[in-house]
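Participant: Sending over a structure as C-alpha cells; questions will come in a sec.
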C-alpha cells in the first residue's frame with residue numbers, strides 16, 4: 004500500500020506539471036487569438052460598411068417586426084424543418100440553386116446582351132453554334148468518327164470567323180427583326196434545345212421533342228401576350244426562358260418523381276414570398292423603412308455626381324461583368340492548356356524536365372507579381388505595342404487575363420495532379436491514347452477543382468483596380484460598354500473615384516453601398532465555387 | 244506434372260518455413276487455403292507445350308542510371324499462367340511493364356535488347372504502343388476502376404478502340420462480366436458507380452474490363468495483394484479459368500499463390516536478374532539454384 008501511495012503522490016506532485024499545463028494553455032490561447040485577429044477585423048470592416056450602406060437606425064421598430072414576421076421567421080422555420088430530413092434538404096438546396104442560378108443567368112444575359120446589342124450576340128451565337136452542332140449530328144450518324152471530335156471546335160472557330168467576315172452583310176438583315184426576337188434566339192432556342200435533350204435522355208426522344216415545342220410555344224405566347232398589351236417583351240422573354248423554364252422543369256420533375264423530398268422545393272419561394280409580402284405590407288401600412296443607400300436606383304441607373312440618391316452604378320456593374328466575362332474567355336483556355344501541358348505532356352526527365360520546372364517556378368512567381376505591374380504590362384502591350392484605344396474592353400480584359408493567368412495555371416495544375424496515376428495507367432493499359440485518357444479519365448475527374456480554381460480567379464479579377472487605372476480605364480462613365488472595342492468601365496474604379504467626392508453622403512453612403520454590391524458579386528462567385536466543389540466531391 | 248496435388252518430401256519440409264516467410268512478406272496472404280506448398284496444373288494445359296507468345300532476349304532496363312532488369316531472356320508460352328516471383332525491387336514488375344510498354348510512360352526508363360510479341364519486336368521504331376496495349380491487357384495491384392458506372396468501365400476499352408459500333412456492346416459487357424465471375428453480383432446495378440463495389444469486386448471488374456477487348460495476353464501486377472483472403476481466392480480461381488483462353492503473366496509476392504495457380508514460374512532476385520525459370524513444379528520442388536531454394540524456403544528475401 005505504501006508504495007502505491009507514494010506513486011500516487013508522485014503523480015500529484017505537480018508544481019512543474021501545472022506550469023507546463025499553463026504554458027500549453029497560453030500557447031493555445033495565443034493560437035486562437037491569431038486566428039481571430041483576421042476574422043474579427045474583417046467582420047468589423049464589413050459591419051462598418053454594412054452600417055453605412057443600410058443605415059439600420061433609420062427604420063422603425065415596426066419595420067423590423069414586419070420583416071421578422073414575413074421573411075426571417077418563415078425562412079428560418081422552413082430551413083430548420085428542411086434540415087431534419089436529408090431528402091428534403093437535398094431538394095431544398097437544388098431548388099435554391101436553380102432559382103437563384105436561373106435568376107442570375109437571366110439577369111446577366113439580359114444586361115450584357117442589352118449593352119452590346121442583342122443582334123450581335125445572336126449573329127455570333129448562331130454562326131458559332133450551328134456548324135459544331137451539324138458536325139456533332141453528323142458524327143452521331145456515321146461510323147467514321149476519327150475527325151468529328153476535333154472538327155467540332157474547329158467548326159465553332161470557323162463559324163465565328165465567318166460571322167465576323169459576313170457581319171456587314173448579315174447585321175442589317177437580322178436587324179429587321181424586333182429586339183425581342185433576337186432575345187428569343189439568344190435564350191429561348193438554346194434553353195428549349197437543352198430541355199429537349201435532357202428530357203429525351205431521361206424519358207424518350209418523343210417527349211424531348213414535345214418539351215422543346217412546349218418551351219418554344221409558351222415563350223411565343225408570353226411574348227405575344229405582352230405585345231398585345233403594348234409592352235416590349237424582350238426582358239420577359241429572357242426571364243421566362245432562362246428562369247421560369249428551368250425552375251419549372253426542376254420543380255415539376257422533382258415533385259413528380261421525388262415524393263420524399265418534394266416539400267423542399269418550397270424553400271426559395273418562402274424566401275422570395277417573404278420579401279414580396281414584406282414590401283407590400285410596408286407600403287400598405289406606410290411603415291417607415293430603411294433609408295438604405297443600396298436601392299434599385301443604385302443598381303439600375305447611371306452615375307450622378309451631385310445627388311447621392313440619384314447616383315447609380317449600372318454601367319459599372321455591366322462593365323465589370325463584360326470585362327471579366329471576356330477575360331475568362333481569353334484566359335481560361337490558355338491557362339488550362341498550359342496546365343495540361345505541364346502536367347501531362349512536359350518531359351519528366353532530362354533537359355526538358357529542367358525547362359518545365361523552370362517554367363513552373365516562374366509561373367508560381369508570376370502569381371505574386373503586384374497588380375500595378377500587370378497594369379504597366381497591359382499599358383505597354385495593348386496601348387503602345389498593339390495600338391488599341393485607351394481603356395477599352397479588350398485591353399482591360401487582356402490585362403486582367405494576364406494577371407489571373409498564373410493563378411489559373413497553378414490551380415488547374417493542382418487539379419490535374421490530384422487525379423490518381425492509377426486511373427491514367429488503367430486507361431493506357433486499355434489501349435487508350437494520351438488524348439483519350441485526358442478526355443475520358445483525367446478531365447472528368449479534374450474539372451470540378453479546375454472550375455473551383457477558375458471561379459476564384461474570376462472573383463479576384465473582378466475586384467482589381469490598380470491595373471485598370473494603369474491602362475487608363477475611365478473611372479466614371481455614364482453608359483455600359485457597347486462592344487469589345489468601346490470604353491470599359493468597372494465597379495471598383497467607380498468606388499475609387501467616388502471616395503474622393505466632397506459630399507459626405509457619397510463617402511459614407513454610396514461608396515460603401517457600391518462596395519457591398521462588389522462584395523456581393525464576389526460572394527456569389529465564391530459560393531458558386533464552393534457549391535460546385537461540394538457537389539462533385541459528394542458524387543465521387 | 245499432373246492435376247493431383249503433389250507434395251514432395253522437400254515441399255513438406257519447406258512449407259512451414261515458407262509460410263512464415265510469405266506471411267511476413269505479404270500480410271494479405273491467404274490463410275483459408277491449405278498451407279501446403281503444392282502445385283496444381285490442369286490436364287488441358289501442360290507446362291511443356293504451348294507456343295511462345297512473348298519472348299525477351301537480353302533485355303536490359305534502366306531508370307536513368309539505375310539498372311532494373313539485367314540481361315533477361317525468357318519465353319512465355321501461350322494460354323498458360325506464368326508467374327514471376329522475387330523480392331521487392333527485383334525488377335519483376337518492370338519486366339511486366341515492358342511487355343505492353345507501360346514503361347514508356349516513365350520518361351526516365353530506357354530499354355535495351357529485344358522483347359518479341361508474336362515474333363515482333365515491340366520496341367521497334369514503328370510499333371504503336373497504343374495498338375500493342377490493345378492486344379495485351381493489364382490488371383494492376385490496386386483495383387483502379389474509373390469513377391464511372393460499372394457498364395461504362397467494362398465498355399471503356401471497346402469505346403476507346405472505336406469498336407463499340409462493331410460489336411453488340413450490351414452483350415460484350417455481359418459476357419465479360421460473366422467471365423470475370425461478377426455478373427450475378429452486379430447485373431441489376433450496371434449503371435451504379437463502380438466505386439460503390441467492394442475491393443474484390445472492383446478487382447474482378449478490372450479483370451472484366453481487361454478481357455472485354457479480347458486481348459491475347461493479360462498482365463497482372465500483384466492483382467490480389469490489396470485484397471482480403473476470400474476475394475483473393477476468387478481472383479485465383481478466375482485466373483486459372485482465364486488461362487484457358489488467354490496467356491496470363493502474373494507478378495506476385497505470394498509464393499503460395501504462384502505455386503497454386505501458375506504453370507511456369509520465373510524467379511527474379513536482386514538486381515533485376517532472372518535466376519531461374521522453369522515449370523512451377525520444378526521451381527518449388529527441385530530448384531536448380533541454391534539462391535532460389537533459399538528464397539522459396541524463406542531463408543532469403
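Protein chains in written order, with my numbering: chain V, 4 to 543; chain P, 244 to 544. The beta carbon of each residue, even a glycine, is placed where N, CA and C say it ideally should be. Because the structure is a prediction, the values reported are computed rather than measured.
(1) I want to verify the contact list: residues of chain P whose CB lies under 7 Å from the CB of residue 436 (chain V), in sequence order.
(2) At a Cβ threshold of 9 Å, is residue 93 (chain V) touching chain P?
(3) Using a Cβ cut-off of 9 Å (strictly closer), state whether residue 307 (chain P) contacts chain V.
(4) Counting pairs of beta carbons, one from the stretch 258 to 274 of chain V and one from the stretch 90 to 104 of chain V, are three or more of them closer than 8 Å?
(5) If you run the structure through DSSP and keep just helix, strand and coil, what is residue 267 (chain P)?
(6) According to the neighbour-count rule (16 or more other Cβ atoms, all chains shown, within 10 Å of its Cβ), is residue 538 (chain V) buried or exposed?
(7) Counting only Cβ-Cβ distances shorter than 8 Å, please list the residues of the stretch 314 to 348 of chain P near chain V, keeping chain order.
(8) Residue 62 (chain V) and residue 292 (chain V): beta carbons closer than 9 Å?
(9) In the DSSP assignment, find the alpha helix (DSSP H) that holds residue 171 (chain V) and state where it starts and stops.
(10) Determine the extent of the beta strand (DSSP E) in which residue 300 (chain P) is found, giving its start and end residues.
(11) Residues in its own chain within less than 7 Å of residue 463 (chain V) by CB, not counting five upstream and five downstream?
(12) For residue 464 (chain P) and residue 402 (chain V), I'd like the C-alpha separation in whole angstroms.
(13) Check distances from the C-beta atoms of the stretch 404 to 433 of chain V to those of chain P and list, in chain order, the residues that come in under 7 Å.
(14) Taking DSSP as the reference, what is the three-state secondary structure of residue 353 (chain P)?
(15) Along the chain, where does the alpha helix (DSSP H) that runs through residue 283 (chain V) open and close?
(16) From what residue to what residue does the alpha helix (DSSP H) around residue 290 (chain V) run?
(17) How long is the line joining the alpha carbons of residue 511 (chain V) and residue 503 (chain V), rounded to whole angstroms?
(18) Taking DSSP as the reference, what is the three-state secondary structure of residue 318 (chain P)?
(19) Check the C-beta distance from residue 504 (chain P) over to residue 324 (chain P) and give it rounded, since I have them as a contact under 8 Å.
(20) Straight-line CA distance for residue 445 (chain V) to residue 456 (chain V)?
(21) Apart from the five residues just before and just after residue 86 (chain V), which ones in its own chain have a Cβ nearer than 7 Å to its Cβ?
(22) Does residue 489 (chain P) have its Cβ less than 9 Å from a Cβ in chain V?
(23) Which one of P:447, P:308, P:534, P:540 has the shortest CA to CA distance from residue 386 (chain P)?
(24) According to the neighbour-count rule (16 or more other Cβ atoms, all chains shown, within 10 Å of its Cβ), is residue 394 (chain P) buried or exposed?
(25) Would you tell me roughly how many angstroms separate the C-alpha atoms of residue 401 (chain P) and residue 428 (chain P), rounded to the nearest one?
(26) Would residue 511 (chain P) and residue 345 (chain P) qualify as a contact pair, given that the criterion is a beta-carbon distance under 9 Å?
(27) So which residues on chain V does residue 387 (chain P) lean against when the C-beta distance must stay under 8 Å?
(28) Using a 10 Å radius around the Cβ and a threshold of 16 neighbouring Cβ atoms, would you call residue 337 (chain P) buried or exposed?
(29) Contact between the stretch 174 to 193 of chain V and the stretch 227 to 240 of chain V is defined here as three or more beta-carbon pairs at a separation below 8 Å; is this criterion met?
(30) Who are the Cβ neighbours of residue 304 (chain P) in its own chain at under 8 Å, not counting the five residues just before and after it?
(31) If you follow the beta strand (DSSP E) that residue 463 (chain P) is in, where does it begin and where does it stop?
(32) Taking 9 Å as the threshold (C-beta atoms), are residue 435 (chain V) and residue 460 (chain P) in contact?
(33) Please confirm whether residue 297 (chain P) and residue 540 (chain P) have their CB atoms less than 9 Å apart.
(34) Helix, strand or coil: which one does DSSP assign to residue 72 (chain V)?
(35) If the cut is a Cβ gap below 9 Å, which residues of chain V does residue 381 (chain P) touch?
(36) Using CA atoms only, rank isn't needed, just tell me which of V:106, V:47, V:372 is closest to residue 275 (chain V).
Facilitator: Looking at the atomic coordinates:
(1) The residue given as residue 436 (chain V) occupies position 433 in the first chain. Ordered by position in chain P, the residues that pass the 7 Å Cβ test against residue 436 (chain V) are 373.
(2) Looking up residue 93 (chain V) in the first chain gives position 90. False, the Cβ-Cβ gap to chain P never drops below 9 Å.
(3) Translated into the one-based positions of the second chain, residue 307 (chain P) becomes position 64. Closer than 9 Å: yes.
(4) yes
(5) Residue mapping note: residue 267 (chain P) aligns to position 24 of the second chain, counting from 1. For residue 267 (chain P), the predicted structure reports a pLDDT of 38, less than 50, and the residue's modelled location is therefore unreliable. A value from the coordinates is still provided. Residue 267 (chain P): helix per DSSP, three-state reduction.
(6) Along the first chain, read from residue 1 onward, the residue named residue 538 (chain V) stands at position 535. Classification for residue 538 (chain V): exposed.
(7) 343, 345, 348
(8) What you label residue 62 (chain V) is simply residue 59 of the first chain in a count that begins at 1. What you label residue 292 (chain V) is simply residue 289 of the first chain in a count that begins at 1. Taking 9 Å as the cut-off, the beta carbon of residue 62 (chain V) is found closer than this to the beta carbon of residue 292 (chain V).
(9) In the first chain, residue 171 (chain V) corresponds to position 168, counting from 1. Counting along the chain, the unbroken alpha helix (DSSP H) around residue 171 (chain V) starts and ends at 151 to 178.
(10) Within the second chain, numbered from 1, the residue matching residue 300 (chain P) stands at position 57. Where residue 300 (chain P) is concerned, the enclosing beta strand (DSSP E) stretches over 295 to 306.
(11) For the purposes of this step, residue 463 (chain V) is identified with residue 460 of the first chain, where counting begins at 1. So the list reads 407, 410, once near-sequence residues are dropped.
(12) Here residue 464 (chain P) corresponds to residue number 221 of the second chain, with the count starting at 1. Here residue 402 (chain V) corresponds to residue number 399 of the first chain, with the count starting at 1. When rounded, the distance between both Cα atoms is 51 Å.
(13) Within the stretch 404 to 433 of chain V, the residues whose Cβ lies closer than 7 Å to some Cβ of chain P are 425, 426, 428, 429, 431, 432, 433, listed in chain order.
(14) Mapped onto the second chain, residue 353 (chain P) falls at position 110. Three-state DSSP puts residue 353 (chain P) in a strand.
(15) One-based indexing of the first chain puts residue 283 (chain V) at position 280. Its alpha helix (DSSP H) spans residues 270 to 287.
(16) Numbered from 1 along the first chain, position 287 holds the residue referred to as residue 290 (chain V). Per DSSP, residue 290 (chain V) belongs to no alpha helix (DSSP H) and is neither H nor E.
(17) Taking the first residue of the first chain as 1, we reach residue 511 (chain V) at position 508. Taking the first residue of the first chain as 1, we reach residue 503 (chain V) at position 500. The alpha-carbon atoms of residue 511 (chain V) and residue 503 (chain V) are separated by roughly 11 Å.
(18) What you label residue 318 (chain P) is simply residue 75 of the second chain in a count that begins at 1. DSSP places residue 318 (chain P) in strand when its eight states are reduced to three.
(19) Locating residue 504 (chain P) in the second chain gives position 261, where the first residue counts as 1. Locating residue 324 (chain P) in the second chain gives position 81, where the first residue counts as 1. Rounded, the Cβ-Cβ distance is 5 Å, consistent with contact.
(20) For the purposes of this step, residue 445 (chain V) is identified with residue 442 of the first chain, where counting begins at 1. For the purposes of this step, residue 456 (chain V) is identified with residue 453 of the first chain, where counting begins at 1. Cα to Cα, residue 445 (chain V) sits roughly 16 Å from residue 456 (chain V).
(21) Counting from 1 along the first chain, the entry for residue 86 (chain V) is found at position 83. Answer for residue 86 (chain V): 92, listed in chain order.
(22) Along the second chain, read from residue 1 onward, the residue named residue 489 (chain P) stands at position 246. Cβ-Cβ to chain V under 9 Å: no for residue 489 (chain P).
(23) Locating residue 386 (chain P) in the second chain gives position 143, counting from the first residue. For residue 386 (chain P), the nearest C-alpha among the options comes from P:447.
(24) On the second chain, position 151 is the one that residue 394 (chain P) refers to. Per the 10 Å Cβ criterion, buried.
(25) On the second chain, residue 401 (chain P) is found 158 positions in, with the first residue counted as 1. On the second chain, residue 428 (chain P) is found 185 positions in, with the first residue counted as 1. C-alpha separation (whole angstroms): 22 Å.
(26) Sequence index remark: in the second chain, residue 511 (chain P) carries index 268 (1-based). Sequence index remark: in the second chain, residue 345 (chain P) carries index 102 (1-based). In this structure, residue 345 (chain P) does not lie closer than 9 Å to residue 511 (chain P) by Cβ.
(27) Along the second chain, read from residue 1 onward, the residue named residue 387 (chain P) stands at position 144. In chain order: 423, 425, 426, 428, 429.
(28) Indexing the second chain from 1 puts residue 337 (chain P) at position 94. Residue 337 (chain P) should be labelled buried.
(29) yes
(30) As a working note, residue 304 (chain P) is residue 61 in the second chain. Correct list, in chain order: 310, 311, 312, 334, 337, 338, 341, 346, 352, 353, 354, 355, 515.
(31) Position 220 of the second chain holds residue 463 (chain P). Segment 460 to 464, the beta strand (DSSP E) holding residue 463 (chain P).
(32) The residue labelled residue 460 (chain P) in the question sits at position 217 within the second chain. The residue labelled residue 435 (chain V) in the question sits at position 432 within the first chain. Their beta carbons are not under 9 Å apart, which means residue 460 (chain P) does not touch residue 435 (chain V) by this criterion.
(33) Residue 297 (chain P) sits at position 54 when you count from the first residue of the second chain. Residue 540 (chain P) sits at position 297 when you count from the first residue of the second chain. Cβ distance not < 9 Å, so residue 297 (chain P) and residue 540 (chain P) don't count as in contact.
(34) One-based indexing of the first chain puts residue 72 (chain V) at position 69. Of the three classes helix, strand and coil, the one that applies to residue 72 (chain V) here is helix, per DSSP.
(35) As a position in the second chain, residue 381 (chain P) is number 138, starting the count at 1. What residue 381 (chain P) touches in chain V: 428, 429, 431, 432, 433.
(36) Counting from 1 along the first chain, the entry for residue 275 (chain V) is found at position 272. Comparing Cα positions, the closest option is V:106.
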